[in-house]
Structure formats: C-alpha cells, structure tokens
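**Q** Chains as they are written, first to last, in numbering that gives the first Met the number 0: chain A, 0 to 260; chain B, 0 to 260. Beta carbons: idealized from backbone N, C-alpha and C, even for Gly. Predicted model, so just to flag it, every value in this text is computed and none were measured. Here it is: the structure, laid out below.
Protein chains: 2
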Amino acid sequence: MNALPAPGAGSIPIAVSGDAVGDPWGADEFEARLRARESRYHIHHPFNLRLNRGELQPFQVRGWVANRFYYQVCIPIKDAAVMANCPDRAERRRWIERMLDHDGRGDYAGANAGGIEAWCRLGMATGLARADIESLRHVRPGVRFAVDAYVNFARRAPWEEAAISSLTELFAPKIHADRLAGWPSHYPWIAPEGLAYFRSRITLANRDVEHGLEIARRWCVTRERQARALQILDFKLDILWTLLDAIALAYPDDLAPELQP
Amino acid sequence: MNALPAPGAGSIPIAVSGDAVGDPWGADEFEARLRARESRYHIHHPFNLRLNRGELQPFQVRGWVANRFYYQVCIPIKDAAVMANCPDRAERRRWIERMLDHDGRGDYAGANAGGIEAWCRLGMATGLARADIESLRHVRPGVRFAVDAYVNFARRAPWEEAAISSLTELFAPKIHADRLAGWPSHYPWIAPEGLAYFRSRITLANRDVEHGLEIARRWCVTRERQARALQILDFKLDILWTLLDAIALAYPDDLAPELQP
Chain A
0 MNALPAPGAG
10 SIPIAVSGDA
20 VGDPWGADEF
30 EARLRARESR
40 YHIHHPFNLR
50 LNRGELQPFQ
60 VRGWVANRFY
70 YQVCIPIKDA
80 AVMANCPDRA
90 ERRRWIERML
100 DHDGRGDYAG
110 ANAGGIEAWC
120 RLGMATGLAR
130 ADIESLRHVR
140 PGVRFAVDAY
150 VNFARRAPWE
160 EAAISSLTEL
170 FAPKIHADRL
180 AGWPSHYPWI
190 APEGLAYFRS
200 RITLANRDVE
210 HGLEIARRWC
220 VTRERQARAL
230 QILDFKLDIL
240 WTLLDAIALA
250 YPDDLAPELQ
260 P
Chain B
0 MNALPAPGAG
10 SIPIAVSGDA
20 VGDPWGADEF
30 EARLRARESR
40 YHIHHPFNLR
50 LNRGELQPFQ
60 VRGWVANRFY
70 YQVCIPIKDA
80 AVMANCPDRA
90 ERRRWIERML
100 DHDGRGDYAG
110 ANAGGIEAWC
120 RLGMATGLAR
130 ADIESLRHVR
140 PGVRFAVDAY
150 VNFARRAPWE
160 EAAISSLTEL
170 FAPKIHADRL
180 AGWPSHYPWI
190 APEGLAYFRS
200 RITLANRDVE
210 HGLEIARRWC
220 VTRERQARAL
230 QILDFKLDIL
240 WTLLDAIALA
250 YPDDLAPELQ
260 P
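Given below as structure tokens:
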C-alpha cells in the first residue's frame, strides 16, 4: 500500500509502505529498486516525448525553457540548504561542487559561468530575451509550487534525505543525450551552442549520482530507511513530472499568439 | 529603551528601541554606530584580557581552543544557511568564499585545508590531541547553546540580517593581531605555526567586513532597519561574550588536575 502524505508534511508520506518491513535489501537490490523508478521519470511525460520528437512549436520550447529556469535558479539554494544541515565537512567539501557548478566559479567566464547562466544561454538560443528569462515572468504558479516543495524539503529534511531526493540525476544523462542527439535536426532554429548545458550535465550528473548513491547506501541501513528512500525519490519524480504538467497546460498547440513567449 | 526578545524569538528583540524612530542615519553615521559596538566585543571580556596578557595556564588555553572549535565548525553551516536563504546569485558567489575559507578548497593541503583545520592545528599546538578537539568532548553546554543560537538565527532570518550578524568581524582583526603579537612571548610552549589561523583571518575579515557593510547599507534603508541592524550586532556580540563566560566558568585557575584538558 502507498501511504498518503500528512497534511503539510512536505509531500513525503510519513507512514511507510509495506515495503518497509523486513530485512534490509542488499546494496545491489536497493540500487536496482532505485533505478527501477526510471519508469516514473519525466523523460516519459507526454510533453517531453513531444519535445524530443521535435513536435513542439518554438513558443512551446521557449515556454519550457523559461519555466524550467525556475528549477535551475532554485538548485543552488537547495544545495546550500543541504549543506546548512550537514555537519560533516568531508561531505560539504564534495557537495559544494554542485553549488559551484550552478552558480559558477573562478572567473565566471565561459563554462565557469555555471549552470544557471548556461540555461539562460539556452533560453536566448531559443529566442527569449535574457530579461524574459531572468525576470521569471513566464514561470507558472504550478511550476513554482512544485520546485518550492523541493527546496522546502531540502531545508527541513536530514541532509542525507535531501541528498537522496537528488537521485533523479540517475536518469538525467539519457534525457540530456536525447536532446543533444535530436534537437539539432528537430529544432535547427536553436543555435547549437545553446545546448552546452545538456553536454556539461552528463559528466556532472554521473559524478553526483556516485556521491548520492554512496550517501543512500550509508544512510539506509534499515529496510524502513530504504523504503523511505524510494518514497523520497518518488516525491522528487513527482516534482519533475508536475512541472511538465504545468508547462504542458500553459502552452497548448493553439495558444493565442499574443500569449506565446 | 531596550526591548526584550519575545520568548523563542531567537534572542533578537522583536520590538525595536527608541533609536528606531526618525529619518535614517546617513551611511557614515550608521557605520560609526555599528563600529561603536566594539565596546561590547569579547576582546574586553575578562577571560580574553587574561588570555592575551599571558595569564592563563596551559589547560585554560587548551579549554578555550577546544570550546571555540565548536564555533569554528558551525561557521560553514551558518554560511550555507545564509546562502540557502539568498536568491541572488551574485551575492552567493561572494558568500561561498566564506565556506571555502573554512571548509577548505582545491587540494585541501596546507593553507587550502581551511579554517576549521587551521583551528585544529592551533589546538594541537597547544597540546590537545586531534581526537580531543574533533570529538567536541570538551565543549560546554553554554558554548553550544550560544553558537547554536547563531546558526538558528541564520537559518530563519532574511539572509541580509544573517549577513549583518557576521559584522562582529569588524572588530576581529585587532583581536587576532593581539594574539599574534603577544602569544609567542606569553605562551612560548605553543608552536608558532599553530598561530597561522589568526594570521589568515586578518585579511579575510577585512574582505568579509567590506561585503557585510555593503549589504547592511543596502538593506537598512529605514531607521527601523538600521536600529534592528544594531540589535542584531548586539545579539552576535552577546553570543561571543556568553561563549567566554561559559569557558571562564569551566576552567577556573584552581581546577582539579584530573578535569584539566
């Protein structure tokens, strides 16, 4: 059975499912169960399928990029929240790389400008003005609510649970690779340098996943914690899915031209 | 009149003092008022006076170092909390330097090992074992409560207010310089390389103060906010002072040898 979240409990069920009873799964089985959640990854969302099959009109791609930007700007805030709950210097030393990846580092030029800037460049490559993106004016309420649920979870949960919630990165390399493979022919009007974000994330996601799995294995020493890890991953998968629901609803094929980004 | 904090309000008065009424002070007067709070800095605490006059026995110096270590380990957690509340990437890019200063960066060797490690080396130079320091076993409850109040404030306050609370660094270069000047003759039994932390902080404190004052000037656009900034600074000064109260009480001159660190 799947428990429902308690009201106000940050969308994570506080009762645990039947899975939670018994001996802990072995490390391999636990990881396999985490990886099996791929079936719920937003790569399978109808909007993403259309996006990656090249079926979207430019304004729909722009709407997606402008809304997803809200997720991008919240990521380093989420990562700071993880570190603010983490008393282990060795873990913070690894986790801070995620903040530097997104906010930028060193001279903040080129690839050093970080993931938020790279996403902004993607947006501009799709025809959005920088101000349209950075003002967040296209961001739909449903997108805000979903992303904010993620940040608030990271603020309040043990840092290990917040780390586990980032494990949707398990499935990210494929979604980025799909975009890199398909977009140049599907959307030739997008300047290819706009896709740099996707390229950079493939390596970084693999590094992050390795760290995330390490934390999950160490933290989930009981079956109850393992089952909770799966629920946390489901929660994060719901966030990504709901984000696309809100975007799909906002940008139907026949959207009036004056409402198109 | 000075308002008292509301119960559970994180030790910061929520009612504001008579100072809070009127036109905002000019930037220079506001800064002068912040700087005038130096009179409440723990540099004037009886325990610090004795420490810097060379009047303490080795176990008292060790007790101070071991307890103050708790403050050191909490600093990057506090800084992550500031960033977790800060939506401005440009500000996070500056603030993250503080985390890197304390947790370390790059190869984490030598000076790159960061401020927590530098403090640990200071502790070892005073004769403590690394495990004595890192286990936090000498840390007194009063020290924990005071430092935790600081971290909890940073978690819950607007990030600009948390930044203002760090402005006790205005007064830090002098306290570090005093130690560098006096300790080698007062405490010749402490290996001089143990003092590297104090040396490093003089430059870094000046950089941090510049950033902190910039934030305070920008945030405190009303007299009410300026007065609150002074109260926040007082709160932080109280934390540092209370920390020394707890340490002084724990390590009297005639402490039984078996209780001496």
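Specify, as a first and last residue, the run of the alpha helix (DSSP H) that Phe-234 (chain A) falls within.
**A** 222 to 249
**Q** Can you say whether Glu-260 (chain B) is buried or exposed, counting buried as having 16 or more other CB atoms within 10 angstroms of its CB?
**A** It is Pro, not Glu, that sits at residue 260 (chain B) in the sequence shown. It counts as buried.
**Q** Run through chain A and tell me which residues come within less than 7 Å of Pro-75 (chain B), C-beta to C-beta.
**A** Arg-91
**Q** Looking only at its chain, what residues have a beta carbon closer than 6 Å to the beta carbon of Ala-245 (chain A), apart from the 5 residues adjacent to it on each side?
**A** Arg-139, Gly-141, Val-142
**Q** Can you list the residues of chain B that Met-98 (chain A) reaches, using a CB-CB cut of under 7 Å?
**A** Under the 7 Å cutoff, chain B gives Ile-95.
**Q** Starting from Arg-67 (chain A), find everything on chain B with Cβ-Cβ shorter than 9 Å and list it in chain order.
**A** Under the 9 Å cutoff, chain B gives no residues; its nearest Cβ is about 17 Å from Arg-67 (chain A).
**Q** Give me the chain B residues within the contact set of Gly-103 (chain A), using Cβ-Cβ distance strictly less than 7 Å, ordered along the chain.
**A** Arg-92
**Q** Please report how far the alpha carbon of Gly-25 (chain A) lies from the alpha carbon of Asn-151 (chain A), in whole angstroms.
**A** Those two C-alpha atoms are separated by around 31 Å.
**Q** Would you grab the beta carbon distance between Glu-168 (chain A) and Gly-126 (chain A) for me? Rounded to a whole angstrom, and I think it's under 8 Å.
**A** The Cβ separation is near 28 Å, so there is no contact.
**Q** Would you tell me roughly how many angstroms separate the C-alpha atoms of Ala-215 (chain B) and Glu-159 (chain B), rounded to the nearest one?
**A** 7 Å
**Q** When we look at the beta-carbon of Asn-47 (chain A) and count the other beta-carbons within 10 Å, is it buried (16 or more) or exposed?
**A** buried
**Q** Look at the alpha carbon of Ser-164 (chain A) and the alpha carbon of Val-64 (chain B), and state the distance between them as a whole number of angstroms.
**A** 38 Å
**Q** According to DSSP, simplified to helix, strand and coil, what is Tyr-40 (chain B)?
**A** Tyr-40 (chain B): coil per DSSP, three-state reduction.
**Q** Looking at the C-beta of Arg-88 (chain B), does it have a partner C-beta in chain A at a distance below 8 Å?
**A** Between Arg-88 (chain B) and chain A, the shortest Cβ-Cβ separation is below 8 Å.
**Q** Quick check on Ser-134 (chain B): does DSSP put it in helix, strand or coil?
**A** The three-state secondary structure of Ser-134 (chain B), taken from DSSP, is coil.
**Q** Residues in the same chain with beta-carbon distance under 7 Å from Cys-219 (chain A), minus the five sequence neighbours each way, listed in chain order, please.
**A** Phe-29, Gln-225, Ala-228
**Q** Write down the C-beta distance between Ala-162 (chain A) and Ile-238 (chain A) rounded to the nearest angstrom, noting that I regard them as a contact closer than 8 Å.
**A** The Cβ separation is near 15 Å, so there is no contact.
**Q** Using a Cβ cut-off of 7 Å, pull out every chain A residue sitting near Met-82 (chain B), in sequence order please.
**A** Ala-79
**Q** Alpha carbon to alpha carbon, how far is Thr-221 (chain B) from Ala-176 (chain A)?
**A** 51 Å
**Q** Among B:Thr-202, B:Arg-198, B:Arg-206, B:Leu-166, which residue has its Cα nearest to the Cα of Arg-34 (chain B)?
**A** Relative to the Cα of Arg-34 (chain B), the nearest Cα in the group B:Thr-202, B:Arg-198, B:Arg-206, B:Leu-166 belongs to B:Leu-166.
**Q** Do the stretch 112 to 128 of chain B and the stretch 36 to 43 of chain B meet, that is, are 3 or more Cβ pairs less than 8 Å apart?
**A** no
**Q** Could you list the residues in the stretch 208 to 226 of chain B with a C-beta less than 9 Å from some C-beta on chain A, going in chain order?
**A** none
**Q** Report the neighbours of Arg-154 (chain A) on chain B: residues whose CB is nearer than 7 Å to its CB, in chain order.
**A** Ala-83
**Q** Do you know how far the Cα of Arg-178 (chain A) is from the Cα of Arg-206 (chain A)?
**A** 20 Å
**Q** With DSSP run on the structure shown, which of helix, strand or coil describes Ala-14 (chain B)?
**A** In this prediction, Ala-14 (chain B) has a pLDDT of 48, which is less than 50 and means its spatial position is unreliable; what the coordinates show is noted afterwards. Ala-14 (chain B) falls in the coil class under three-state DSSP.
**Q** Alpha carbon to alpha carbon, what distance is there between Gly-21 (chain A) and His-101 (chain A)?
**A** 40 Å
**Q** When the Cα atoms are used, what is the spatial distance from Tyr-250 (chain B) to His-137 (chain B)?
**A** 11 Å
**Q** First and last residue of the alpha helix (DSSP H) that includes Ala-262 (chain A)?
**A** Only positions 0 to 260 of chain A appear in the structure, and residue 262 (chain A) is not among them; the question remains open.
**Q** Check the C-beta distance from Arg-97 (chain B) over to Asp-78 (chain B) and give it rounded, since I have them as a contact under 8 Å.
**A** 5 Å
**Q** Got a sec, what are the start and stop residues for the alpha helix (DSSP H) Ala-108 (chain A) sits in?
**A** Unbroken run through Ala-108 (chain A): none, as it is neither H nor E.
**Q** For Ile-115 (chain A), decide whether its Cβ has a neighbour in chain B, counting only Cβ atoms nearer than 8 Å.
**A** yes
**Q** Apply the 10 Å Cβ neighbour rule to Ala-14 (chain A) and answer buried if 16 or more other Cβ atoms are within range, or exposed otherwise.
**A** Legend: pLDDT at Ala-14 (chain A) = 48, less than 50; position of this residue unreliable, value from coordinates given subsequently. Ala-14 (chain A) should be labelled exposed.
**Q** Distance check for Leu-135 (chain B) and Val-60 (chain B), CA to CA, integer angstroms please.
**A** 16 Å
**Q** If we ignore side chains and look at the alpha-carbon of each, how far apart do Glu-54 (chain B) and Tyr-186 (chain B) end up?
**A** 9 Å
**Q** As a quick exercise: from B:Ala-180, B:Pro-172, B:Ala-195, pick the residue whose alpha carbon is nearest that of Leu-121 (chain B).
**A** Of the candidates B:Ala-180, B:Pro-172, B:Ala-195, the residue whose Cα lies closest to the Cα of Leu-121 (chain B) is B:Ala-195.
**Q** With distance defined between alpha-carbon atoms, name the residue in A:Phe-58, A:Arg-52, A:His-41, A:Asp-27 nearest to Leu-254 (chain A).
**A** Relative to Leu-254 (chain A), the option among A:Phe-58, A:Arg-52, A:His-41, A:Asp-27 whose CA is nearest is A:Phe-58.
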